[in-house]
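Novice: Chains as they are written, first to last, in the numbering used here: chain A, 6 to 233; chain B, 6 to 233.
Here a beta-carbon is modelled for each residue, glycine too, at the ideal position from N, C-alpha and C.
Pasting in a structure now, in structure tokens, and then I'll have a few things to ask.
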DNA sequence: GGAGTGATTTAGGCGCACTAAAATTAGGAT
DNA sequence: ATCCTAATTTTAGTGCGCCTAAATCACTCC
């Protein structure tokens, strides 16, 4: 049985190495809120464990083994199902579900997890658009386009927002930048100035910082919108 | 903030001292599945803590302080609300909810607890009949009559069964001895022999061991049952 | 190819919750 | 009053996950 900490490390290694392929000690320390020294210790023990959970080379960070990846996805599945459940069934505001799920994910059994999934009708994404891994470890592709990458004039659908920062989530909800919403880049100011967005069915245009737009992932619509 | 272990100890002290007024080291060790030596250590630290959570005298066991009682009831409220929720909302079998709630009770916030209570319509008891403490710490009286105390011929309503033993719970469900069910003592064999019960709307009589009956609490009905 | 810089690892420690084994205590029996 | 026994406490030591401070490493820039 894995400890809560070990589960958190596996999840963090997974999330960090999604981009760069491997997770550095300092990136893990930053994400987990511990010192780099602590990360070194845990990576050594996850690597020494049988079955081995991470590949670890001194000064070169860590990658998940097959088994490690399986366990990480299990934790992420718990996390996202719990988030969806707390939001949909209990009406917990979407800026609070992450923190709550962060603790509950370690406390539920596989059996309970199955019942939650069933109760929700086997959802594919959590309230922030995060894809919920299937039990067999398969996971839908993550959308790669960021809102600040959209050319001016382009429309898109919001698909994924970061789930960790409650203040950002409250702001995004207020602006209407929630998964499923339609968005169009109307205009932008030069030199990293605000990006003017049309969001959902709202009438006007709304200036949003490029830093925020960078954190929001979208699926661009087809340019041609000939009604037919 | 209390640790998970400390919360478990407070709950155990509460439950054990309900009967005898105080909780002995060995009773706590037995209930918590640790050695008596561990209990001594934890009682010392709960007693040394400010605010103090238990009164502890060497060789004389422990009692809860006012603050300790408050915290214990908070944990029990979490536990029973989670049990009710898992059973009613997710359909988890009643023999499994205890083990699951045992872990989840430490992971939920006060805010989530409120939402669960609201979602369930502020229930008064858990699936085993255990009364759910109110937020202000008040708690309905526990029924004191045990099924094996009922005189032959007496009818009663099941009000409370122990929640910890899954095998016992499955048996009780099979027999129909669940909170709310009606039961009548039809006859009994001498020398601690089986007690013959009529349970609910079932036709026949069912022999049940006095040991099991001793663990089931009931509210006796009025003897006079004149239809009017 | 040597120096500097930032990332990483080592070394040493701390608090928590636990254990086994030894020592002690309370409280009834003699 | 003393002894006995069961319950309890003390002692010494473990594993985990974290810390700080000091040492070391990898890599870039001259």
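1. Does DSSP put residue 59 of chain B in a helix, in a strand, or in coil?
2. Shorter than 8 angstroms from the beta carbon of residue 233 of chain B to some beta carbon of chain A?
3. What is the rounded straight-line gap between the Cα of residue 151 of chain B and the Cα of residue 186 of chain B?
4. The beta strand (DSSP E) with residue 225 of chain B in it runs from where to where?
5. Please state whether the Cβ-Cβ distance between residue 129 of chain B and residue 148 of chain B is less than 8 angstroms.
6. Which word fits residue 47 of chain A, buried or exposed, when buried means at least 16 other C-beta atoms lie within 10 angstroms of its C-beta?
7. Beta strand (DSSP E) containing residue 18 of chain B: first to last residue?
8. Quick one: Cα of residue 98 of chain B to Cα of residue 213 of chain A, how far?
9. Which residues in the same chain as residue 41 of chain A place their Cβ atom closer than 7 angstroms to its Cβ, once the five residues preceding and following it in sequence are excluded?
10. Comparing alpha-carbon positions, which option in B/13, B/221 and B/115 lies nearest residue 135 of chain B?
11. If you follow the beta strand (DSSP E) that residue 192 of chain B is in, where does it begin and where does it stop?
12. Shorter than 8 angstroms from the beta carbon of residue 117 of chain B to some beta carbon of chain A?
13. Whose C-alpha, out of B/105, B/84, B/112 and B/28, is nearest the C-alpha of residue 122 of chain B?
14. Taking Cβ positions only, does residue 95 of chain A come closer than 8 angstroms to chain B?
15. Among residues of its own chain, excluding the 5 on either side of residue 17 of chain B, which ones have a beta-carbon nearer than 8 angstroms to its beta-carbon?
16. Of all the CB atoms in chain A, is at least one closer than 8 angstroms to the CB of residue 175 of chain B?
17. Let me know if residue 206 of chain B comes out buried or exposed under the rule of 16 or more other beta-carbons within 10 Å of its beta-carbon.
18. Taking only three categories from DSSP, how would you classify residue 145 of chain A?
19. For the beta strand (DSSP E) holding residue 163 of chain A, just list the boundary residues, first then last.
20. Does any C-beta atom of chain B lie closer than 8 angstroms to the C-beta of residue 114 of chain A?
21. Grouping DSSP H, G and I as helix and E and B as strand, with all else coil, what is residue 81 of chain B?
22. If you reduce the DSSP assignment to three classes, tell me which class residue 140 of chain A lands in.
23. Going by beta carbon distance, what residues of the same chain come within less than 6 angstroms of residue 14 of chain B, once the five residues before and after it are set aside?
24. For residue 167 of chain B and residue 81 of chain B, what's the separation of their Cα atoms in angstroms?
25. Would you please verify whether the beta carbon of residue 85 of chain B is less than 8 angstroms from any beta carbon of chain A?
26. Who are the neighbours of residue 81 of chain B on chain A, taking C-beta pairs under 9 angstroms?
27. Apply the 10 Å Cβ neighbour rule to residue 106 of chain B and answer buried if 16 or more other Cβ atoms are within range, or exposed otherwise.
28. How about the segment 99 to 118 of chain B and the segment 164 to 180 of chain B: do they share at least three Cβ pairs that are nearer than 8 angstroms?
29. Check the Cβ-Cβ distances between residue 124 of chain A and every residue of chain B, and say whether any is below 8 angstroms.
30. Between residue 305 of chain B and chain A, is any beta-carbon pair separated by less than 8 angstroms?
31. Enumerate in chain order the residues of its own chain whose CB-to-CB distance from residue 218 of chain B is below 6 angstroms, with the five nearest sequence positions on each side excluded.
32. Please state whether DSSP places residue 217 of chain B in a helix, a strand or coil.
33. Just verifying my parser: in three-state terms, what is the DSSP assignment at residue 6 of chain A?
34. Excluding the 5 residues flanking residue 177 of chain B on each side, which residues of the same chain have their C-beta closer than 6 angstroms to its C-beta?
35. Classify residue 22 of chain B as buried or exposed, calling it buried when 16 or more other Cβ atoms lie within 10 Å of its own Cβ.
36. Residue 121 of chain B versus chain A: which residues are under 8 angstroms apart at the beta carbon?
Specialist: Reading it off the structure:
1. Taking the second chain and counting its residues from 1, one reaches residue 59 of chain B at position 54. Of the three classes helix, strand and coil, the one that applies to residue 59 of chain B here is strand, per DSSP.
2. Walking along the second chain from the start, residue 233 of chain B turns up at place 228. Model confidence at residue 233 of chain B stands at a pLDDT of 45, short of 50, so the residue's coordinates are unreliable; what they give is reported in the following sentence. For residue 233 of chain B, the answer is no, since every Cβ of chain A falls outside 8 angstroms of its Cβ.
3. Taking the first residue of the second chain as 1, we reach residue 151 of chain B at position 146. Taking the first residue of the second chain as 1, we reach residue 186 of chain B at position 181. Distance between the alpha carbons of residue 151 of chain B and residue 186 of chain B: 15 angstroms.
4. Within the second chain, residue 225 of chain B is the residue found at index 220, counting from 1. Residue 225 of chain B -> beta strand (DSSP E) spans 222 to 225.
5. Here the question's residue 129 of chain B lines up with position 124 in the second chain. Here the question's residue 148 of chain B lines up with position 143 in the second chain. No; because the gap between Cβ atoms is not below 8 angstroms, this pair is not in contact.
6. To locate residue 47 of chain A, count along the first chain from 1; it is residue 42. By the neighbour-count rule (16 or more Cβ atoms within 10 Å), residue 47 of chain A is buried.
7. Looking up residue 18 of chain B in the second chain gives position 13. First-last for residue 18 of chain B: 9 to 25, but that is the alpha helix (DSSP H), not the beta strand (DSSP E).
8. Position 93 of the second chain, counting from 1, holds the residue named residue 98 of chain B. Position 208 of the first chain, counting from 1, holds the residue named residue 213 of chain A. Going from the Cα of residue 98 of chain B to the Cα of residue 213 of chain A covers about 49 angstroms.
9. For this step, residue 41 of chain A is matched to residue 36 along the first chain. These residues qualify, in order along the chain: 30, 31 and 34.
10. Translated into the one-based positions of the second chain, residue 135 of chain B becomes position 130. The shortest Cα separation from residue 135 of chain B among B/13, B/221 and B/115 belongs to B/221.
11. For the purposes of this step, residue 192 of chain B is identified with residue 187 of the second chain, where counting begins at 1. Its beta strand (DSSP E) spans residues 187 to 193.
12. Looking up residue 117 of chain B in the second chain gives position 112. Residue 117 of chain B counts as touching chain A.
13. Counting from 1 along the second chain, the entry for residue 122 of chain B is found at position 117. With distances taken between Cα atoms, residue 122 of chain B lies closest to B/84.
14. The residue labelled residue 95 of chain A in the question sits at position 90 within the first chain. By this cut-off, residue 95 of chain A is an interface position.
15. Residue numbering aside, residue 17 of chain B sits at position 12 when the second chain is read from its first letter. If we look at residue 17 of chain B and ignore the five residues flanking it on each side, its Cβ neighbours are 28, 33, 36 and 37.
16. Residue 175 of chain B sits at position 170 when you count from the first residue of the second chain. Closer than 8 angstroms: no.
17. Sequence index remark: in the second chain, residue 206 of chain B carries index 201 (1-based). Residue 206 of chain B is exposed by the Cβ-count criterion.
18. Stepping through the first chain from its first residue, residue 145 of chain A is reached at position 140. Reduced to three states, the DSSP call for residue 145 of chain A is coil.
19. Numbered from its first residue, the first chain carries residue 163 of chain A at position 158. Per DSSP, residue 163 of chain A belongs to the beta strand (DSSP E) from 160 to 165.
20. Sequence index remark: in the first chain, residue 114 of chain A carries index 109 (1-based). Judged by the 8 angstroms Cβ criterion, residue 114 of chain A is in contact with chain B.
21. Counting from one through the second chain, the residue named residue 81 of chain B turns up at place 76. If DSSP states are grouped into helix, strand and coil, residue 81 of chain B belongs with the helices.
22. The residue given as residue 140 of chain A occupies position 135 in the first chain. Of the three classes helix, strand and coil, the one that applies to residue 140 of chain A here is coil, per DSSP.
23. Taking the first residue of the second chain as 1, we reach residue 14 of chain B at position 9. Excluding sequence neighbours, residue 14 of chain B sits near 47.
24. Taking the second chain and counting its residues from 1, one reaches residue 167 of chain B at position 162. Taking the second chain and counting its residues from 1, one reaches residue 81 of chain B at position 76. So the alpha carbons of these two residues sit roughly 14 angstroms apart.
25. Here residue 85 of chain B refers to the residue found at position 80 when the second chain is read from its first residue. No, no contact with chain A.
26. Residue 81 of chain B sits at position 76 when you count from the first residue of the second chain. Near residue 81 of chain B there are no residues of chain A at all, since even the closest Cβ is about 17 angstroms away, more than 9 angstroms.
27. Position 101 of the second chain, counted from the start, is the residue given in the question as residue 106 of chain B. Buried is the call here.
28. yes
29. On the first chain, position 119 is the one that residue 124 of chain A refers to. Chain B, which has a Cβ nearer than 8 angstroms to the Cβ of residue 124 of chain A, makes this yes.
30. Since the first residue of chain B shown is 6 and the last is 233, residue 305 of chain B is not available in this structure.
31. For this step, residue 218 of chain B is matched to residue 213 along the second chain. Within the same chain, residue 218 of chain B has close Cβ partners 152, 153 and 200.
32. In the second chain, residue 217 of chain B corresponds to position 212, counting from 1. Residue 217 of chain B: helix per DSSP, three-state reduction.
33. Taking the first chain and counting its residues from 1, the one referred to as residue 6 of chain A is at position 1. Three-state DSSP puts residue 6 of chain A in coil, outside helix and strand.
34. Position 172 of the second chain, counted from the start, is the residue given in the question as residue 177 of chain B. Contacts found: 166.
35. Position 17 of the second chain holds residue 22 of chain B. Under this definition residue 22 of chain B is a buried residue.
36. Here the question's residue 121 of chain B lines up with position 116 in the second chain. Here the neighbours are 95.
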